[in-house]
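Each residue of the sequence shown is one higher than the last, beginning at 28 in the working numbering.
We treat Cβ as the ideally placed atom computed from N, Cα and C, and that holds for glycine.
Here the structure is a predicted model, which is why all the values come from computation and not from measurement.
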Amino acid sequence: MQIGMLLIFQNYEKQLSDSEAWRRDLALADLAEPLGYEILSCVEHHFFDYSTSSSNIQLLTYWAARTKQIKLLTGVVILPWNDPRRVIEQMSVLDHLSGGRALFGIGRGLARREYDVFDIDMGESRERFDESARIILDALDTGHMEANGNFYKIPRTEVRPQPRAGFRDRLSAVAMSSDSIPSCAELGAQMVCFSQKPWAEMVPHFETYRSLFQQYHGKPAPRPLIADFMLCSESADEAEELARTHMANTYYSVMEHYEIMGSHFKTMKGYGAYAKAAEEAAEQLASTALHDTARAFADINTFGTPQQVLDRLEERRAIIGDYDYLIQPSFGGLSAKNAERSVRLFADKVMPELRSWKKAS
């Protein structure tokens with residue numbers, strides 16, 4: 028199991044200035060390498076309080092200069108929002124400046140309101156993602172970019188600086204829905220999932236990915252990369268109180284930002300799985316109070332004492348098999364003090380035990 032930290036630079040309900048929110052998460056990032064985390068990652072989001080991390084390759088380049096060993100993961104670059112020519116150059120620069128520590132995570136995005144500001148048709152996201160991914164990966168493999176697709180026309184052009192190495196063996200892709208699994212598997216990417224539903228319901232998701240990966244590449248799929256909102260405390264009562272409050276806040280912000288119950292998914296090409304999820308969410312909320320669904324969201328993520336956290340992660344492994352793990356320690360208005368304490372305790376008491384796990388049978 029590789030263990031890392033994913034930061035989202037959220038400013039929940041503008042409780043802080045953006046400067047204060049950034050100082051909070053930058054301080055956590057500075058702890059990652061000294062505490063033994065193997066991966067440091069940040070998201071890409073734009074324009075809203077949900078996340079102010081609008082330039083993650085730039086941020087990882089900053090971290091490259093502040094660290095020596097930790098791997099630096101884009102978590103993720105939303106390909107339809109970015110010109111592939113610039114992504115190619117930026118990833119090449121990041122890899123040179125980090126001495127080959129860059130990891131390339133990609134996705135296609137889910138928030139309609141972010142797409143709207145970019146003036147990009149969200150219904151084109153799948154085609155844009157697939158076309159852009161091929162252009163970028165080929166260019167980083169070969170040292171030149173070239174395309175004659177529906178969205179990008181690029182004459183044969185050298186990449187400068189020339190890539191240090193390709194990224195196919197350090198590639199991950201978000202596959203939160205059945206719509207995204209085939210593309211993830213075909214690309215040969217490690218599958219990235221965020222905690223969103225009971226893990227037993229996710230088993231077919233992982234099985235489909237593993238089966239398709241084997242078909243495409245003739246070898247077993249890599250372990251999935253799971254990202255959790257995580258809170259660890261020496262006190263079980265405190266952990267539960269903080270998690271119930273701040274993970275609920277996060278749940279409400281997720282529902283708002285992504286318009287999870289929006290009817291737009293019904294007519295949005297490439298988002299059929301989310302249309303079904305929106306209907307299920309509406310049905311659930313018709314019979315269940317919102318705070319109960321927020322409570323269930325916290326239960327899917329991870330909180331507790333070090334032993335309770337270990338137990339939760341072991342229970343998950345028994346259901347889905349081995350996985351790599353990213354903690355999201357700063358969320359939903361959780362104070363900087365509590366986030367730092369959680370990060371330190373997890374590293375001290377949980378991480379050594381996770382690293383001792385033998386491969387699941």
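Rounded to the nearest whole angstrom, the CA to CA distance from proline 379 to leucine 372 is 11 Å. Counted as a single uninterrupted DSSP element, the alpha helix (DSSP H) harbouring threonine 272 occupies residues 263 to 285. Rounded to whole angstroms, aspartate 45 and asparagine 109 show a C-alpha spacing of 23 Å.
Counting only runs of at least 3 residues, the region 143 to 206 fully encloses the following beta strand (DSSP E) elements, listed from N- to C-terminal order: 171 to 175, 180 to 185, 198 to 201.
Pairwise C-beta distances place the region 359 to 378 in contact with the region 40 to 59, as three or more of them are shorter than 8 Å. In the structure shown, the three-state DSSP call for glutamine 85 is helix. Within the same chain, and ignoring the five residues on either side of arginine 140 in sequence, the residues whose Cβ sits closer than 8 Å to its Cβ are Phe74, Phe75, His284, Glu286. The region 106 to 123 makes contact with the region 157 to 168; the number of CB pairs closer than 8 Å reaches 3 or more. Minimum Cα-Cα distance from leucine 87 among the listed residues Asp143, Ser204, Gly127 corresponds to Gly127.
Counting only the Cα atoms, alanine 48 lies some 32 Å from glutamate 341. DSSP places aspartate 351 in the uninterrupted beta strand (DSSP E) bounded by 351 to 355. The bridge partners DSSP lists for valine 114 come to none. The Cβ atoms of glycine 331 and histidine 273 lie no closer than 8 Å to each other. Residue environment for aspartate 255: buried (at least 16 other C-beta atoms within 10 angstroms of its C-beta). For aspartate 45, the enclosing alpha helix (DSSP H) stretches over residues 45 to 62. For phenylalanine 75, no beta strand (DSSP E) encloses it, and the DSSP letter there is neither H nor E. Between isoleucine 84 and valine 104, the CB-CB gap stays under 8 Å. For isoleucine 30, the enclosing beta strand (DSSP E) begins and ends at 30 to 34. Distance from the CA atom of arginine 271 to the CA atom of glutamine 96, rounded to whole angstroms, is 35 Å.
Secondary structure note for leucine 239: its alpha helix (DSSP H) is the uninterrupted segment 226 to 244. The beta carbons of leucine 121 and alanine 92 sit no closer together than 8 Å. Bounds of the beta strand (DSSP E) holding aspartate 255 are 252 to 259.
Distances from the alpha-carbon of glutamine 355 to those of Asp349, Ser222, Met229, Gly170 put Ser222 closest.
With fewer than 16 other Cβ atoms inside 10 Å of its own Cβ, glycine 245 counts as exposed. Leucine 258 sits buried, since 16 or more C-beta atoms from the chains shown fall within 10 Å of its C-beta. In this structure the region 173 to 183 does not touch the region 191 to 202; the number of beta carbon pairs closer than 8 Å is below three. Put simply, the region 238 to 253 does not touch the region 286 to 299. Fewer than three CB pairs are less than 8 Å apart.
Burial check for tryptophan 384: the Cβ neighbour count within 10 Å stays below 16, so the residue is exposed. Here DSSP, grouped into helix, strand and coil, assigns glycine 299 to helix. Excluding sequence positions up to five before and after leucine 100, its CB lies within less than 6 Å of the CB of Ile66, Ser68, Leu130, Gly132, all in the same chain and listed in chain order. Sixteen is the threshold: since fewer than 16 other Cβ atoms of the shown chains lie within 10 Å of the Cβ of alanine 263, the residue is exposed. Where alanine 325 is concerned, the enclosing alpha helix (DSSP H) starts and stops at 317 to 327.
Cα atoms of serine 199 and leucine 381: separation of roughly 22 Å, rounded to the nearest angstrom. For glutamine 96, there is no enclosing alpha helix (DSSP H), as DSSP gives it neither H nor E. According to DSSP, glycine 331 shares a beta bridge with Cys259. With distances taken between CA atoms, tyrosine 298 lies nearest to Ala138 out of Thr79, Ala138, Trp90, Phe36.
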